[in-house]
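Protein chains in written order, with my numbering: chain A, 32 to 288; chain B, 1050 to 1178.
By construction, the Cβ of each residue, glycine as well, lies at the ideal position given by its N, Cα and C atoms.
Owing to the predicted nature of the structure, the values given are computational and were not obtained by experimental measurement.
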Amino acid sequence: MEMLPEDCICTILSFTSPLQTSKSSLVSTTFRSASESDVVWDRFLPPDYQDLLLRLVKTLKFSTKKELFFLLCNWVLIDGGRKSFKIDKYSGKKSYLLSARELFIAWNSDPMYWIWKHISQSRLEEVIELISSSWIEIHGKIKTPMLSKNTTYVAYLKMRISNRAYGLNMTPFEVSVEVGKQASHGTVCLCGHDKEKQQTVRMEMLREREDGWMEVELGEFFNGENDEEVKMSFTETKDYHLKAGLVIGGIELRPKL
Amino acid sequence: MIKHMIEDNCADNGIPLPNVTSKILSKVIEYCKKHVETPKLDERATFVDDELKAWDADFVKVDQATLFDLILAANYLNIKSLLDLTCQTVADMIKGKTPKEIRKTFNIKNDFTLEEEDEVCRENQWAFE
Chain A
32 MEMLPEDCIC TILSFTSPLQ TSKSSLVSTT FRSASESDVV WDRFLPPDYQ
82 DLLLRLVKTL KFSTKKELFF LLCNWVLIDG GRKSFKIDKY SGKKSYLLSA
132 RELFIAWNSD PMYWIWKHIS QSRLEEVIEL ISSSWIEIHG KIKTPMLSKN
182 TTYVAYLKMR ISNRAYGLNM TPFEVSVEVG KQASHGTVCL CGHDKEKQQT
232 VRMEMLRERE DGWMEVELGE FFNGENDEEV KMSFTETKDY HLKAGLVIGG
282 IELRPKL
Chain B
1050 MIKHMIEDNC ADNGIPLPNV TSKILSKVIE YCKKHVETPK LDERATFVDD
1100 ELKAWDADFV KVDQATLFDL ILAANYLNIK SLLDLTCQTV ADMIKGKTPK
1150 EIRKTFNIKN DFTLEEEDEV CRENQWAFE
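So, in structure tokens, the structure goes:
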């Protein structure tokens, strides 16, 4: 194998994975050089990465494609802050976060029902908190060509429950994910500390995220190679009880492990 | 490209191929003939596709030395599909192996100095955690 020219080693490595390529850099000096090459990391970057770079809110500085790959392994804002994406460093597959601004939230512009808040210095990063309403209707959409092909994705509602919350654990919420002929429907109960009963109800539906927020699964789907639109929903429109204190951070789509 | 190779590649023309032995060349020709005879990707039925894939899988069931010679030949003769097939085969052999195992499988010498090894480990720390 030692007689193979470096560009053949590059081709071989480009058929492996980011993890395998990084590991293989330790094999020999030729492997090291090949594993740094733009030819290899160009294949690991998402096919539409150049288009995504044009949509970045903040430009990234990089001198090699390998550098770019690892920069994109952290969330970056695109489309004026309405969305963020990142790459999984092991597989190169994309995750997206649709911000609260990007979602359809019924009554979101009426401060009697919902209020917008900034979560950081950035003018762009906003979340929305439920002040009071009986009707919760949240929808998110994304076109499938934006996602990594031939991948199963899971959609999550990124949310928190504020101290002012009430009424959230009275009725189950309806969740669904629909794309093309695929549809998944379900119900979830949100955890709430029931002040009357002084007990915590139904914890298992809410999971804690790495970033300190909570999330609830909306459903999953397989993204093939078609050009379709995924519609994700989180609703409670049957119960007349008022609800409050639901803070929405967005909807995240990430590849199923 | 492949069609021209078949048409031109006979003793009469005498194209010199110093990097390719006759044994390897005959295998390359076998590959090209098979792929030339098969209809294009869009036009072929699934079962033809499956049959071709099975044929390709058999084609690369050779010893390491032959496999590397095929890579070199495909690279030199610029036959992309053969290069992809042979490189994918080697990639599959590498997958999941540690650097030590890769060196052992392919009989590669570790030509790093200790300092260089440390440097590479640090640069790619996440891969070794």
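By how many angstroms is the C-alpha of residue j removed from the C-alpha of residue i?
i	j	result
residue 211/A	residue 258/A	9 angstroms
residue 226/A	residue 195/A	Low confidence applies here, because residue 226/A scores a pLDDT of 46, under 50, leaving its location unreliable and the question unanswered by this model.
residue 86/A	residue 41/A	29 angstroms
residue 170/A	residue 1171/B	44 angstroms
residue 1099/B	residue 1133/B	17 angstroms
residue 239/A	residue 190/A	10 angstroms
residue 116/A	residue 151/A	18 angstroms
residue 133/A	residue 281/A	8 angstroms
residue 216/A	residue 236/A	15 angstroms
residue 89/A	residue 114/A	13 angstroms
In the DSSP assignment, the beta strand (DSSP E) including residue i goes from what residue to what residue?
i	result
residue 215/A	213-219
residue 127/A	125-130
residue 170/A	167-174
residue 249/A	245-254
residue 284/A	275-286
residue 26/A	Look at the range of chain A in this structure, 32 to 288, and you will see that residue 26/A is not part of it.
Kindly indicate which three-state DSSP category residue i falls into: helix, strand or coil?
i	result
residue 187/A	strand
residue 232/A	The pLDDT assigned to residue 232/A is 43, lower than 50, so where the model puts this residue is not dependable, and the model offers no usable value.
residue 1158/B	coil
residue 1094/B	coil
residue 155/A	coil
residue 1088/B	coil
residue 43/A	helix
residue 1111/B	coil
residue 37/A	helix
residue 1178/B	coil
residue 1152/B	helix
residue 1078/B	helix
residue 1100/B	helix
residue 164/A	strand
Since residue i meets chain A, which of its residues come closer than 8 angstroms, beta carbon to beta carbon?
i	result
residue 1073/B	Simply none; closest approach about 13 angstroms.
Let's see if you can read the secondary structure: which residues bound the alpha helix (DSSP H) around residue i?
i	result
residue 266/A	No alpha helix (DSSP H) holds residue 266/A; the beta strand (DSSP E) holding it covers 260-267.
residue 1171/B	1163-1172
residue 1143/B	1129-1143
I'd like to confirm something about residue i: is its beta-carbon nearer than 7 angstroms to some heavy atom of the ligand COA, or not?
i	result
residue 101/A	With respect to the ligand COA, the structure shown offers nothing to examine, as it has no ligands at all.
List, in order along the chain, the chain A residues whose C-beta lies closer than 7 angstroms to that of residue i?
i	result
residue 1176/B	50, 53 and 54
residue 1122/B	Result: empty, since nearest Cβ-Cβ is about 11 angstroms, beyond 7 angstroms.
Residues of chain A with CB under 9 angstroms from residue i, in chain order?
i	result
residue 1148/B	54, 55, 56, 57, 58, 59 and 62
In chain order, each alpha helix (DSSP H) run of at least 4 residues that lies wholly inside the segment 88-141 of chain A: 96-102
Could you give the uninterrupted runs of the alpha helix (DSSP H) lying entirely in the segment 54-83 of chain A, keeping only those of 4 residues or more? 60-66 and 69-75
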